[in-house]
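Structure first, then comments.
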Amino acid sequence: MRWDSVYVGAATVRLGRREPIRPAVTAGRYSLRTWRRDGYDAVCVAERESAEQLTHSAASHAVRTSGRAGRELDLVVHAQSTRCGSLQGAAGARVQEKVAGHRATTLEVVRPAGGGVLALHTAASYLDALDGDGVALVATTDAGGAAGCDRYRHTSGAVLGDGSTGLVLTRTGGVARLLSTTVLGEPPEGTLFRADLAWREAPSATDCRHRADDGPGTASLLAARERDAVRTAVAEAGHTLDDVARFVFSNVGRDSAVWRWRTADGIDESRTTWGWGRQVGHLGAGDQIAGLAHLLETGAVRPGDLVALVGGCSRTVGCALVEILR
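Using the numbering used here, the first residue of the sequence shown is number 54, and each one after it goes up by one.
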């Protein structure tokens with residue numbers, strides 16, 4: 054889907070403190086072989102702040118940085134992953150209450166990974182349908198250290214981090230312009246629903262662990278869908294892969310099969326945010342918005358640069374292409 058007048062007003066991230074990986078290896082919490090294979094250096098661990106506090110901080114800061122007020126929000130879309138059975142009941146409704154009062158419509162995206170990209174796609178569709186100005190907030194929550202979860206062993210190829218993000222979409226300009234979004238695959242392993250309606254019982258950690266396991270062909274399917282989503286989003290915006298300055302993929306281990314297609318298509322590691330991601334860990338819902346916030350905050354991108362945000366699981370993968378304006 055191509056967008057003509059949807060802008061990123063601001064993107065922010067709040068992370069736990071960085072915990073080096075080596076002590077976990079020494080203590081036997083993370084195998085030496087896996088560490089060498091996946092290439093993580095550190096993972097963000099929240100100790101003093103809850104997931105809800107991090108999300109509120111990231112969302113509020115995004116709204117303030119965009120120059121808008123919470124009362125101006127028309128839509129709040131909150132995304133969280135289903136890792137570890139750590140679903141936060143009515144989390145989106147709490148973000149709405151604290152940031153926007155009770156004015157905005159609120160949606161919740163729940164899926165194993167890539168929820169932030171789907172939330173961005175949903176919010177853009179909502180704003181594009183409005184006749185005049187509109188403002189939407191996308192927020193994500195990831196708690197890799199939730200009760201019953203071992204962040205170092207739970208998901209093959211990934212160390213789970215703690216962090217939250219906020220991103221404001223507007224119709225009247227911002228730091229970047231949303232050029233296109235694409236979501237490809239089967240119906241997602243997760244849900245999209247009104248966040249202010251009755252909640253349901255969260256799946257158990259065992260159930261989520263089973264879904265996170267890699268089955269036969271899962272890695273190759275994910276790689277194929279990721280490649281197709283990227284190519285489609287870039288083409289719909291009238292560009293080629295060579296035009297894209299930076300790619301923000303999920304912060305998964307360097308040995309993942311998805312890296313093979315990236316290399317084959319000329320996307321080397323220096324064009325990605327893996328150098329940062331290996332210090333953060335995998336944020337199931339928030340990798341992409343967190344990566345964009347990192348690029349903006351560190352000045353790693355400049356006006357005119359194109360940035361592709363790519364994420365999802367084997368069933369469904371999404372890509373959003375943005376152009377940096379300032």
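Glycine is no exception: its CB is placed at the ideal position from the N, C-alpha and C atoms. Only a predicted model underlies this, so the values are computations on that prediction, with no experimental measurement involved.
Could you pull the DSSP bridge partners for residue i from this structure?
i: valine 61; result: Leu222 and Ala229
i: glutamine 133; result: Val163 and Thr194
i: glycine 216; result: Leu68 and Asp195
i: valine 98; result: Arg70
i: arginine 204; result: Partner(s): none; arginine 204 has no beta bridge.
i: glycine 210; result: DSSP, once it has assigned bridges, lists no residue as partnering glycine 210.
i: valine 236; result: Gly371
i: phenylalanine 300; result: Thr325 and Ala361
i: threonine 158; result: Leu128
i: arginine 55; result: Ser233
i: valine 188; result: Thr223
Looking at residue i and the ligand FAD, is the gap between the Cβ and the nearest heavy atom below 7 Å?
i: threonine 285; result: The ligand FAD is not among the ligands present in this structure, which contains no ligands whatsoever.
From the options, pick the residue whose C-alpha is nearest to that of residue i; which is it?
i: serine 387; options: His335, Leu349, His174 and Gly198; result: Look at the range of the chain in this structure, 54 to 379, and you will see that residue 387 is not part of it.
i: leucine 336; options: Tyr179, Leu359, Thr369 and Ser134; result: Ser134
i: glutamate 105; options: Ser217, Ala277 and Arg71; result: Ser217
i: arginine 331; options: Ser233, Ser110, Arg307 and Gly339; result: Arg307
i: leucine 222; options: Val363, Val163, Lys151 and Ser178; result: Ser178
i: alanine 77; options: Val297, Val61 and Asp94; result: Asp94
i: leucine 348; options: Gly185, Arg156, Phe300 and Trp312; result: Phe300
i: glutamate 72; options: Glu239, Arg204, Val297 and Ser273; result: Arg204
i: leucine 220; options: Gly291, Leu85 and Ser110; result: Ser110
i: tyrosine 60; options: Glu239, Asp186, Gly201 and Cys202; result: Asp186
i: valine 305; options: Val283, Gly201 and Gly328; result: Gly328
i: proline 356; options: Leu183, Thr208 and Ala298; result: Ala298
i: threonine 235; options: Glu350, Val370 and Thr159; result: Val370
i: leucine 359; options: Asp295, Thr225 and Ser58; result: Asp295
i: tryptophan 56; options: Gly291, Gly352 and Asp340; result: Gly291
i: arginine 379; options: Ala80, Arg230 and Arg284; result: Arg230
i: alanine 68; options: Ile320, Thr271 and Asp215; result: Reading off the sequence, residue 68 comes out as leucine, not alanine. Cα-wise, what sits closest to leucine 68 is Asp215.
i: glutamine 341; options: Glu150, Leu173 and Ile74; result: Leu173
i: valine 283; options: Ile320, Thr351 and Arg164; result: Ile320
i: cysteine 202; options: Glu350, Arg75 and Arg82; result: Arg82
State the CB to CB distance for the pair residue i and residue j, rounded to an integer number of angstroms; the pair is presumed to be in contact (CB under 8 Å).
i: alanine 63; j: glycine 227; result: 7 Å
i: valine 148; j: threonine 175; result: In fact, because the Cβ distance is near 15 Å, the residues do not count as touching under 8 Å.
i: alanine 343; j: valine 66; result: 4 Å
i: leucine 232; j: cysteine 366; result: Actually they are not in contact, since the Cβ atoms of leucine 232 and cysteine 366 sit about 24 Å apart, beyond 8 Å.
i: histidine 155; j: alanine 144; result: Between alanine 144 and histidine 155 the Cβ distance is about 16 Å, and since that is not below 8 Å, they are no contact.
i: serine 309; j: glycine 210; result: 5 Å
i: alanine 361; j: valine 287; result: 7 Å
i: alanine 338; j: glycine 123; result: That belief does not hold up - the Cβ atoms of alanine 338 and glycine 123 are roughly 21 Å apart, past 8 Å.
i: glycine 434; j: alanine 112; result: Past the boundaries of the shown model lies residue 434; the chain is included only from 54 to 379, so the question cannot be answered.
i: glutamate 279; j: valine 311; result: 5 Å
i: leucine 237; j: aspartate 281; result: 6 Å
i: glutamate 239; j: arginine 368; result: 5 Å
i: leucine 183; j: glycine 334; result: Between glycine 334 and leucine 183 the Cβ distance is about 36 Å, and since that is not below 8 Å, they are no contact.
i: alanine 381; j: threonine 158; result: Since the first residue shown for the chain is 54 and the last is 379, residue 381 is missing from the structure and cannot be characterised.
i: serine 58; j: arginine 206; result: About 46 Å separates the two Cβ atoms, so there is no contact after all.
Can at least three beta-carbon pairs, one atom from the stretch 319 to 327 and one from the stretch 105 to 120, be found at a separation below 8 Å? no
Counting Cβ pairs closer than 8 Å, one from the stretch 87 to 98 and one from the stretch 125 to 132, do we hit at least three? Result no; under three Cβ-Cβ pairs closer than 8 Å.
As an exercise, report each continuous beta strand (DSSP E) stretch of at least 3 residues that is fully enclosed by the stretch 328 to 377, in chain order. 359 to 365 and 369 to 377
At a cut of 8 Å, does the stretch 183 to 196 reach the stretch 308 to 323 through at least three beta carbon pairs? no
When you compare the stretch 77 to 94 with the stretch 358 to 378, are there three or more beta-carbon pairs, one atom per stretch, that lie closer than 8 Å?
no
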